[in-house]
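Residue numbering for the sequence shown is 7 to 166, as defined by our numbering. Positions of the beta carbon are idealized from the N, C-alpha and C atoms, including for glycine. Given the structure is predicted, the values throughout are model-derived calculations rather than measurements.
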Amino acid sequence: MPAQLLLNLFIAFLWMLLIDEDELRFSTFYAGFLVGIGILFFMHRFFGTRFYLRRVYAAFKLLFIFVWELIQSSAVVLRQILSPRLKIEPGIFKYETMLRSDVEITMLSMLLTLTPGSVVMEVTPDSDALYIHAMDVQESREGLLKQLKNFEKAIMEVTR
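Given below as structure tokens:
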């Protein structure tokens, strides 16, 4: 990915220098960047990796999924806190993950910990399972499992 981005910036800079203008303009650089995207899109198979903008798109998708899950979990926690009687059953459960690398598991742990109502307590030594503390295991476990699946899928799109 970094090689494709650097090549794209080089194409944009070259385009800006080769266009016959009296002064350097950002619009010319931007046009060259778009031309570079087109060239790299058709030639990315020769690099042996995916087209780099797919990974950028996947990162933005992961960000939007996180924001959406953050809003949903915040609403659930707010509803539980503002209810007249606090009827929660905190608990710990084990979640088997499909992620394998340390970066992927760290991303999943951090994203889950940043959403209210759940905390990753421990990762197994084999890095194949997480121990998660949920604020209300009975009510929010299904939502939490759905949230974990969404995060895992989006993380794998970004990292693989």
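Exercise for the section: In angstroms with no decimal places, state the Cα-to-Cα distance between R60 and M49. Expected result: A straight-line Cα-Cα distance of about 14 Å links R60 and M49.
Practice task
Grab the span of the beta strand (DSSP E) containing E102 for me, first residue to last.
Solution key: Run containing E102: G97 to E102, per the beta strand (DSSP E) assignment.
Exercise for the section: Run the CB neighbour count on L114, radius 10 Å, all protein chains shown included, and call it buried at 16 or more, exposed below. Expected result: With 16 or more other Cβ atoms within 10 Å, it is buried.
Handout entry: Straight-line Cα distance separating V126 from I138
Key = Straight-line Cα distance between these residues: approximately 4 Å.
Handout entry: Contact under 9 Å by Cβ, E148 with I94
Key = It is not a contact, given that the beta carbons lie outside the stated cut-off.
Problem - Reduced DSSP category for I161 - H, G, I as helix; E, B as strand; rest coil - result: DSSP places I161 within a helical segment (H, G or I) once states are collapsed to three.
Practice task
Report yes or no: do three or more beta-carbon pairs, one from the stretch 115-122 and one from the stretch 71-89, lie closer than 8 Å?
Solution key: A contact is defined here as three or more CB-CB pairs under 8 Å, and the stretch 115-122 meets this definition with respect to the stretch 71-89.
Practice task
Out of L20, Y63, S33 and R51, state which residue places its alpha-carbon closest to the alpha-carbon of G42.
Solution key: Here the closest residue by C-alpha is L20.
Handout entry: Coarse secondary structure for S107, derived from DSSP in three states
Key = It is coil, neither helix nor strand.
Problem - Residue nearest to L15 in terms of C-alpha spacing, selected from E29, Y58, D26 and R85 - result: Among E29, Y58, D26 and R85, the Cα nearest to that of L15 belongs to Y58.
Problem - Coarse secondary structure for S89, derived from DSSP in three states - result: Under the three-state reduction of DSSP output, S89 falls in the coil class, being neither helix nor strand.
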